[in-house]
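**Student:** According to UniProt numbering, the stretch in the sequence shown is residues 1 to 92, in order. Idealized CB from N, CA, C, for every residue including glycine. Once you've had a glance at the structure underneath, I'll fire off some questions.
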Amino acid sequence: MGCNGGGLMDYAFEFIINNGGIDSEEDYPYRAVDGTCDQYRKNAKVVSIDSYEDVNSYDELALKKVVANQPVSLPIEGGGREFQLYSSKFPI
Numbered sequence: 001m002g003c004n005g006g007g008l009m010d011y012a013f014e015f016i017i018n019n020g021g022i023d024s025e026e027d028y029p030y031r032a033v034d035g036t037c038d039q040y041r042k043n044a045k046v047v048s049i050d051s052y053e054d055v056n057s058y059d060e061l062a063l064k065k066v067v068a069n070q071p072v073s074l075p076i077e078g079g080g081r082e083f084q085l086y087s088s089k090f091p092i
């Protein structure tokens, strides 16, 4: 297995929906090595989602609607050298 780049957030959302939820980071921490899934922790779901909604870029009204009704996730492009070599917190 292992990490292979990333992809659309939709893939993660579909995985969560199809598997009935996900474990917590505390219960199933990330390890930066190839390995197999721990079948004993397979059913320790702590968070689930029923659906998700994509919002078009620059559609402020649609964004206001989803922010009022559900959590919002945003992607970041991490391929640039500046991002990969950062050494402190992100300026906001």
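Do Val66 and Glu53 have their C-beta atoms closer together than 7 Å?
**Tutor:** For Val66 and Glu53, yes; Cβs fall inside 7 Å.
**Student:** Excluding five sequence neighbours on each side, which residues of the same chain lie with their C-beta closer than 6 Å to the C-beta of Gly21?
**Tutor:** For Gly21, where only same-chain residues beyond five positions count, the Cβ hits under 6 Å are Lys45, Val47, Ser48.
**Student:** Less than 6 Å between C-beta atoms, sequence neighbours within five positions excluded: which residues of the same chain meet that for Leu63?
**Tutor:** Val55.
**Student:** Kindly indicate which three-state DSSP category Val72 falls into: helix, strand or coil?
**Tutor:** Coil at Val72, not helix or strand.
**Student:** Return the chain-ordered list of same chain residues with a C-beta closer than 7 Å to the C-beta of Val72, the five sequence neighbours on each side being excluded.
**Tutor:** The answer, listed in chain order, is Val66.
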